[in-house]
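Here the structure comes first, spelled out in structure tokens, and everything after it is commentary.
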């Protein structure tokens, strides 16, 4: 196998499409968002490319006994009253620093091939605490993009994210800019501890405003409710544990 | 030395052979099975290829003072009343993610060269606890293979193995499928803590049914008995230790 | 993206320039020094090269919402009454051993392109304790350079730095020498625990003597004062903690 | 810099030379032995090759202020009444698995260039305890070599070293054999915890018998005496600590 093998699964004509990337990352916000988008627009979606690479883990996933080699996938989506989309998803990031550059370059090549000049990288930004109001923080490749994104509800902050943006999302901004793409990274706030469907919804709602598609959030909300239950149980356990901690008096007794 | 050097040790004509891979992994199930197969069919086996690679650890093994460079080996086996075999064994997996792709590609090249179109990757699947009944769990490259394997006693489960299959076994499925091979991975259940000859036997028995060879299990059973002794001693020590743990009363006394 | 991409941002004619490197390292001494130099000589500085590489982390930094791809930068500085400078800065070192060789080779290529034959690598040498007098320790590519540097106040010690010099600074000496450059590494003593503007000043003062430029230290001194406050608070906390440690008597009481 | 750069420092005609390798490893036995050999035969030695590589750490060592880039060195030694030698030394091994293959290949190329067909890799084999009698354990590339080495006092054991031989010493055996060299690895027993000049002497004495040179051991014995002092102090400290451990009675008193 070569370092990179791209399977052209289907050819689809798209009109000025936008590439939307949702690979795994903080709180799985980006991948949840991209997968939900594809589920809701399933009737309009076609798998067009599979990207295999030695930069991915040497692994197959297995479902009902049938194995599938690790890859990233790009779907073409013809949105009825909105912009056409190329949606990039997958179960893995590259395994090395170098690999992120290799894969992002491949993704940009495919975006170019389909005539895309705009990119949206979806992800999460960790806050370290549980969240009530889900802000969407942004970063862009060109200053000129700030205003229209702010109008759509994206927040730009002086020094955030403090550590920069790493992986494919970061490089879609960095390498994308060098190749003439207009890229925005939309990062939903998330605790960073748990898979976060609410943060994914916040990101998708911004994207709806920007790109003119409309999706239902019922299944995503159901997953959010399931996560709420998990969080509730964790908090209960924590309270219980605090009550079980021996006090000074207990300790004296043992001594 | 090049990244990959393949020594053609001998040439053997095989009739529609099946490649059987047994490299080290969980519970050494795959390598135990492949080595037992070669020992039992020694009279019919010929070493045909040695695969050296910079992806292997930079190491020689030493036996009676004579050093041998780390490599993988492929034996041709002409089974009297069964399918011809190519058996792949060795002491090491590749040392990097990338290396698994490189080595698996080399193994597939050799399988192709000998006219093999079917592959069996042998291994173990960890259960985390000691086992009485050794089920053999399967994964296949093509859905059409499920039925005949189920008839041979292989179990296919909805979400197992949960983490997928990594290393050469996984890539024989994934890369093999991309090159037109029919691959099955047969994974014997095993605790994951110990070398497990019983699990290797369970895997071999399935393979016997599928490929029509017959082997004796005496030496494998002897190794299983030795492992039982080891397990027995570990359990005894654990019980002893539990008895030695000071009780609350003991602690009070010290205080 | 290729392993290395060099953007020629501007062309500037320099007269026998000296390359001054200040990438991140111990106590951030080198990068503080290089950045201060550029701030103080801003009117005379021109960004001439940006160096992008797959050896850098796959990352963008974000400021006020606008992303910038990780790179190293080289500025041309025409110093009024001193030697012309090429100042090399950046936020990151290479991420692999191999990468340090790749990047240093690129930096030497650019130095050569601008006609530089002398290099100064700036950095810190860790002492493991807080420092009052900031000595500047040196290392050179050619014995003939020792005397003039000693005259400028640089100290050369028998076995220091004991572990040698790693990263780009080390390779500017080692690879530079192989390509005919005269290189000196100037290392300010620093505790190694904190960002150290005082050590950066000590290094710059030596460089002033050697190269004939003159800079103001007000902003660097302000940063040093801020660090003093931080150190003060840490020491206070440590003392407080020591007072809180239970004495033998306390422990007896608990028992 | 290329992945590998070999400087031809001098050309020397040798008569059927033997390459002796002593790079750092267990107990520094190999490097101590090679360095002692070069010191004692200094009058007959000429540095002929320096090997630089991106596989070495990106580092310079510094002595009296002058930096030297990490490399390996090969000396030609014309021994008056013995076999001519090529002695390979250096301060570092390769930093990656792959790098060991790259460097060993380079060393074999140079051995070939000087007409060597026999190689001796010197090293230590860890025993895990302090040693009185320093046996020298061997491994060879060809069974035919066993007898003459046994006559010279080398011990060959059934399963030793148990974990095989890694790094350049191992690959001189493994890759050397593939290229037609006769290689022996001579490993002095050593605790594995400390630099061990006595083990280095044991290895050199075997080599003297085999190759017909004669060296004085005074300086090596002095270093051994220094190490004895270190060991003595460690043992003293350990005994002291044992005496300081509180007994059960002490503990009861505190409670």
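Protein chains in written order, with my numbering: chain A, 11 to 265; chain B, 11 to 265; chain C, 11 to 265; chain D, 11 to 265. Think of the CB as a built atom: it goes at the ideal place given N, C-alpha and C, for glycine as much as any other residue. Note that the structure is predicted; figures quoted are calculated from it, not measured.
{"Asked": "Listed in chain order, which residues of the segment 106-126 of chain A have Cβ atoms closer than 7 Å to some Cβ of chain C?", "Found": "107, 108, 110, 111 and 115"}
{"Asked": "State yes or no: is the C-beta of residue 104 of chain D within less than 7 Å of the C-beta of residue 113 of chain D?", "Found": "yes"}
{"Asked": "Roughly how many whole angstroms lie between the Cα atoms of residue 28 of chain A and residue 56 of chain A?", "Found": "15 Å"}
{"Asked": "Secondary structure at residue 120 of chain A, three-state DSSP: helix, strand or coil?", "Found": "helix"}
{"Asked": "Quick check on the burial criterion: 16 or more other C-beta atoms within 10 angstroms. Buried or exposed for residue 171 of chain D?", "Found": "buried"}
{"Asked": "Could you check the C-alpha separation between residue 44 of chain A and residue 67 of chain B for me, to the nearest Å?", "Found": "40 Å"}
{"Asked": "Look at the Cβ atom of residue 213 of chain D, then the Cβ atom of residue 118 of chain D, and state whether they are nearer than 7 Å.", "Found": "no"}
{"Asked": "Looking at residue 149 of chain B and residue 75 of chain A, is the spacing between their C-beta atoms short of 7 Å?", "Found": "yes"}
{"Asked": "Need the endpoints of the beta strand (DSSP E) that residue 72 of chain B sits in, please.", "Found": "69-73"}
{"Asked": "Using a Cβ cut-off of 7 Å, which residues of the segment 208-222 of chain D contact any Cβ in chain B, in chain order?", "Found": "none"}
{"Asked": "Can you tell me where the alpha helix (DSSP H) with residue 207 of chain A in it begins and where it stops?", "Found": "207-221"}
{"Asked": "With 7 Å as the C-beta to C-beta threshold (strictly closer), list the residues of the segment 50-69 of chain D near chain E in chain order.", "Found": "No chain E is part of this structure, whose protein chains are labelled A, B, C and D."}
{"Asked": "Relative to the C-alpha of residue 134 of chain B, which residue among B:46, B:142 and B:147 is closest?", "Found": "B:147"}
{"Asked": "Could you tell me how far apart the beta carbons of residue 124 of chain D and residue 24 of chain D are, in whole angstroms, since I believe they sit closer than 8 Å?", "Found": "6 Å"}
{"Asked": "Can you give me the C-alpha to C-alpha distance between residue 179 of chain C and residue 209 of chain C, rounded to a whole angstrom?", "Found": "17 Å"}
{"Asked": "Which residue comes first and which comes last in the alpha helix (DSSP H) that contains residue 181 of chain A?", "Found": "177-188"}
{"Asked": "So residue 64 of chain A and residue 17 of chain A are supposed to be a Cβ contact under 8 Å. How far apart are they, rounded?", "Found": "Contact doesn't hold; Cβ gap of about 15 Å is too wide."}
{"Asked": "At least one CB of chain C closer than 7 Å to the CB of residue 181 of chain A: is that the case?", "Found": "yes"}
{"Asked": "Does the Cβ of residue 197 of chain C have 16 or more other Cβ atoms within 10 Å, making it buried, or fewer, making it exposed?", "Found": "buried"}
{"Asked": "On a Cα-Cα basis, can you pick out the residue from C:102, C:199 and C:174 that is closest to residue 139 of chain C?", "Found": "C:199"}
{"Asked": "Listed from N- to C-terminal order along the chain, which residues in the segment 77-106 of chain D have their beta-carbon within a distance smaller than 8 Å of any beta-carbon of chain C?", "Found": "77, 78, 79, 80, 105 and 106"}
{"Asked": "Here's the rule I'm using: 16 or more other beta-carbon atoms within 10 Å means buried, otherwise exposed. How should residue 155 of chain D be labelled?", "Found": "buried"}
{"Asked": "By Cβ distance below 8 Å, which residues in the same chain neighbour residue 202 of chain C in space, the five residues on each side in sequence not counted?", "Found": "36, 37, 134, 136, 137 and 138"}
{"Asked": "From the beta carbon of residue 156 of chain A, is the nearest beta carbon of chain C less than 7 Å away?", "Found": "yes"}
{"Asked": "Kindly say whether residue 201 of chain D, judged by its beta-carbon, lies nearer than 7 Å to any beta-carbon of chain C.", "Found": "no"}
{"Asked": "Using the DSSP secondary-structure output, state which residues sit across from residue 30 of chain A in a beta bridge.", "Found": "A:97 and A:130"}
{"Asked": "Using a Cβ-Cβ cutoff of less than 8 Å, which residues in the same chain neighbour residue 191 of chain D once the five nearest sequence positions on both sides are dropped?", "Found": "118, 121, 126, 127, 128, 129, 151 and 182"}
{"Asked": "Between the segment 128-161 of chain C and chain D, which residues of the former have CB atoms less than 7 Å from a CB of the latter, in chain order?", "Found": "148, 149, 150, 151, 153 and 156"}
{"Asked": "Would residue 71 of chain D pass as a contact of residue 184 of chain C if the rule is Cβ separation under 7 Å?", "Found": "no"}
{"Asked": "Between residue 229 of chain D and residue 41 of chain D, what straight-line distance do the alpha-carbon atoms span, to the nearest angstrom?", "Found": "15 Å"}
{"Asked": "In chain C, what lies closer than 8 Å to residue 71 of chain D by C-beta?", "Found": "174"}
{"Asked": "Of the choices C:225, C:245 and C:21, whose alpha-carbon is the least far from that of residue 52 of chain C?", "Found": "C:225"}
{"Asked": "How is the alpha helix (DSSP H) around residue 266 of chain D delimited, first residue to last?", "Found": "A question about residue 266 of chain D goes unanswered here, because the residues of chain D that appear run from 11 up to 265."}
{"Asked": "Could you tell me if residue 50 of chain B is buried or exposed, where buried requires 16 or more neighbouring beta carbons within 10 angstroms of its beta carbon?", "Found": "buried"}
{"Asked": "Specify the secondary structure class of residue 173 of chain C as computed by DSSP and reduced to three states.", "Found": "coil"}
{"Asked": "Buried or exposed: where does residue 100 of chain B fall if 16 or more other Cβ atoms within 10 Å of its Cβ makes it buried?", "Found": "buried"}
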